[in-house]
Amino acid sequence: QIKQRLFAVFAITKEREHIANMFGRHVSPEVVTMLLQQGKALTSEAKKVCVLFLDIRGFTTFAEDKNPEEVVGYLNQLFSFMVEIVNANHGIINKFLGDGFMAVFGAPIGGDHDPDNAVHAAEQMLLRLAEKVAQGIIPPTRVGIGIHYGISVTGTIGAFERQEYTIIGDVVNLASRIEQLNKTYQSQLLISE
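FYI, the numbering for the sequence shown is 2 to 194, going by the numbering used here.
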């Protein structure tokens, strides 16, 4: 019995470490704690999520005459407060896309206010960006943000050696296209109906 209990404790500890490693750098500590408390399995599932895409405008031109350290420093300055805002609004940064990112609200843990949280995060990011530009902390910067809500497939994909928690489906593709429409409308934030 002692041996069985020890193995059970080791199995639980291993699963907790797996969840913490999988999400620890992608979500707020509160979300990791919730996952651990719920014993959330990392299985694939269809669920409603709100996807937010953010892209920095004119980044290629900005980066052309900068050294790599300046470019990375600039991105880290921007992303540090943006990640903080996404986490504070119960979202996760699912992917960094060079000069932008994809954030998800509603996965791995969803709530009744995922679309509201995404919109609030976008508004806060735009306000904080404007403040930092006005204070001279960040050079003049414009971004495009697109938000869409719908059903996606969420889960862990990859091989044994390398896995990633991801969100796929039309909701992701549409959010990306909506973000790109900011260029057409000279806007910074577009949200689907």
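For each residue, glycine too, the CB sits at the ideal point set by N, CA and C.
Using a Cβ distance threshold of 8 Å, residue 150 and residue 109 do not count as a contacting pair. In this structure residue 153 touches residue 170 by the C-beta definition: roughly 4 Å separates them, less than 8 Å. Annotated as proximal: residue 120 and residue 148, with beta-carbon spacing under 8 Å.
Between the beta-carbon of residue 54 and that of residue 177 there is about 5 Å, and that keeps the pair under the 8 Å contact cut. The bridge partners DSSP lists for residue 145 are 56. The residues 100, in chain order, have a CB closer than 6 Å to that of residue 60 in the same chain once the five nearest residues on each side in sequence are set aside. Contact annotation, residue 142 with residue 57: C-beta distance approximately 6 Å; criterion of less than 8 Å satisfied. Assigned with DSSP and collapsed to three states, residue 86 falls in helix. No Cβ-Cβ contact shorter than 8 Å links residue 50 with residue 192. Inter-residue distance for residue 65 and residue 84 is about 25 Å (C-alpha atoms, whole angstroms). Judged by DSSP secondary structure, residue 182 falls within the alpha helix (DSSP H) whose first and last residues are 171-186. Residue 47 and residue 134 have their C-alpha atoms spaced approximately 40 Å apart. Distance from the Cα of residue 91 is smallest, within the candidate group 76, 69, 112, 98, for 112.
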